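Undergrad: Residue numbers (this note's numbering): 800 to 1136.
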Ligand code: UDP
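1) Where the beta carbon is closer than 7 Å to any heavy atom of ligand 1, which residues qualify, in chain order?
2) Just to confirm the assignment, what range does the beta strand (DSSP E) spanning residue 843 have?
3) Please classify residue 1138 as buried or exposed, where buried requires at least 16 other C-beta atoms within 10 Å of its C-beta.
4) What residue does the alpha helix (DSSP H) around residue 832 start on, and which one ends it?
5) When the Cα atoms are used, what is the spatial distance from residue 868 to residue 1024?
6) Run through the DSSP bridge pairs and tell me what residue 984 is partnered with.
7) Quick one: what's got a C-beta closer than 7 Å to residue 1076's C-beta in the same chain, skipping five residues either side?
8) Under a CB-based cut-off of 7 Å, is residue 1014 close to chain B?
9) If you compare alpha carbons, which of 997, 967, 835 is closest to residue 862?
10) By Cβ distance below 7 Å, which residues in the same chain neighbour residue 956 in space, the five residues on each side in sequence not counted?
11) Below 7 Å between beta carbons: does that hold for residue 1081 and residue 1018?
12) Could you check what DSSP says for residue 976 in three-state terms: helix, strand or coil?
13) At a cut of 8 Å, does the stretch 876–893 reach the stretch 851–862 through at least three beta carbon pairs?
14) Of the choices 915, 1049, 989, 1111, whose alpha-carbon is the least far from that of residue 1102?
15) Per the DSSP calculation, residue 865 is bridged to which residue(s)?
16) Considering just the uninterrupted stretch of the beta strand (DSSP E) at residue 773, what are its terminal residues?
17) Straight-line CA distance for residue 1061 to residue 1096?
18) Pull up the distance between the alpha-carbon of residue 999 and that of residue 1053, whole angstroms please.
19) Helix or strand or just coil, what does DSSP make of residue 878?
20) Mind checking residue 953: buried by the 16 CB within 10 Å criterion, or exposed?
21) The beta strand (DSSP E) with residue 748 in it runs from where to where?
22) Determine the contact status of residue 866 and residue 843, defining contact as a CB-CB distance below 7 Å.
23) Across the stretch 894–904 and the stretch 915–924, are there enough close Cβ pairs to call them in contact, namely three or more that are closer than 8 Å?
24) Sorted by chain position, which residues of the same chain lie with C-beta nearer than 6 Å to residue 900's C-beta, five sequence neighbours on each side aside?
25) According to DSSP, simplified to helix, strand and coil, what is residue 1001?
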């Protein structure tokens, strides 16, 4: 019923009616665009807490796109059957998810419950955007899915980390107890066009600061590491996981294992932009993980997936996007004068 049409002589490719919760966010809006380009019909739910209407403005009016403003913490509106659900709905940047920790926790747990019940109702596949944050401040590197993590349950990141961990448990039980066709992607740091310039994350901050020629703020001494995945690689991974057999219900790491210190990232952004910016060292936030690098052998094995875009190539795509955002905001300021 949720399959819209078949294409091709053999009629093998089925187009789907797909729900993307958090569809106006960074990952969500890029995903909506990709799914529609493949001929699928997309229902985009977003509360616009951290998502932006501008991210999907070019899709509004498209016959395969429907935008519904809604917070998944609340009972879901009626929109008929769907065959796939991507749950990307939650603030992902530490300053944003820490702004209202209780709401972050509710978005994770109550939001996921609502979507899981919908998946059960329509026998839809459902993919949860989990996170490398389930590993907390890891004691081993790289982090395989079998590592159980080192999370502070009462720290400033707990609302997100423990919320996401709870959702993994919910997905596991809905699969076991009710036969729901679940998938869990543990997403590592991802960047690219449509990140909000004010997101507060390291790539967006550094690029915006270097473009403006202002100080690039390295937290701590910059020796902490992250592994940065370009958005197109992440979408390939998420879609491959959704398309995988229903037996692939255990968590799968998705990320780029190329590891950089935050200081290396700062220097490479400044160099790429040829910015006059200086680096300033400011206080390291509490519970900031010291290292993060995905072990992606499971993704390679079960999905045949690995990232293709290097940090240098990804930054070359991302910097012009942030430059256009700053030009737009300058024009808005001038027009408002
Ligand atoms: N960071 C930084 N300067 C910034 C923003 C972040 O040095 O302006 C650091 C932050 O302390 C962390 C890393 O960059 O060690 C990645 O931070 P982000 O908020 O992007 O994501 P996280 O991986 O911590 O969730």
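Here a beta-carbon is modelled for each residue, glycine too, at the ideal position from N, C-alpha and C.
Quick caveat: nothing in here was measured; it's all calculated off a predicted structure.
TA: Judging by the given coordinates:
1) Counting every residue whose Cβ lies closer than 7 Å to a heavy atom of ligand 1, we get 892, 893, 932, 988, 999, 1000, 1001, 1002, 1004, 1005, 1016, 1017, 1018, 1019, 1021, 1023, 1025, 1061, 1083, 1084, 1087, 1088, 1091.
2) Segment 840–845, the beta strand (DSSP E) holding residue 843.
3) No answer is possible for residue 1138: it lies beyond the span of the chain, which begins at 800 and ends at 1136.
4) In the DSSP annotation of this structure, the continuous segment of the alpha helix (DSSP H) that includes residue 832 starts and ends at 825–836.
5) Rounded to the nearest angstrom, the two C-alpha atoms are 36 Å apart.
6) The partner list for residue 984 (beta bridge, DSSP) reads 928, 1051.
7) 1008, 1009, 1012, 1013, 1014, 1015, 1069, listed in sequence order.
8) Within the model displayed, chain B is absent; a lone protein chain is all it includes.
9) Closest option to residue 862, Cα to Cα, is 835.
10) Cβ neighbours of residue 956 beyond the five flanking positions: 893, 932, 1086.
11) Contact flag set, yes.
12) Helix, per DSSP.
13) They do not touch, by the three-pair rule.
14) In terms of CA proximity to residue 1102, 1049 leads the group 915, 1049, 989, 1111.
15) The beta-bridge partner set that DSSP reports for residue 865 consists of 842.
16) Absent from the model: residue 773. The displayed extent of the chain is 800 to 1136, so no value can be given.
17) Between residue 1061 and residue 1096, the C-alpha separation is close to 25 Å.
18) The straight-line gap from Cα to Cα measures roughly 22 Å.
19) DSSP, read as helix, strand or coil, puts residue 878 in coil.
20) In this structure residue 953 is exposed. Its beta-carbon is surrounded by fewer than 16 other beta-carbon atoms within 10 angstroms.
21) The question about residue 748 has no answer, for the chain in this structure spans 800 to 1136.
22) Yes.
23) Contact between the stretch 894–904 and the stretch 915–924 is absent, because fewer than three Cβ pairs lie under 8 Å.
24) The residues are 958.
25) Residue 1001 carries a helical assignment under DSSP once its states are collapsed to helix, strand and coil.
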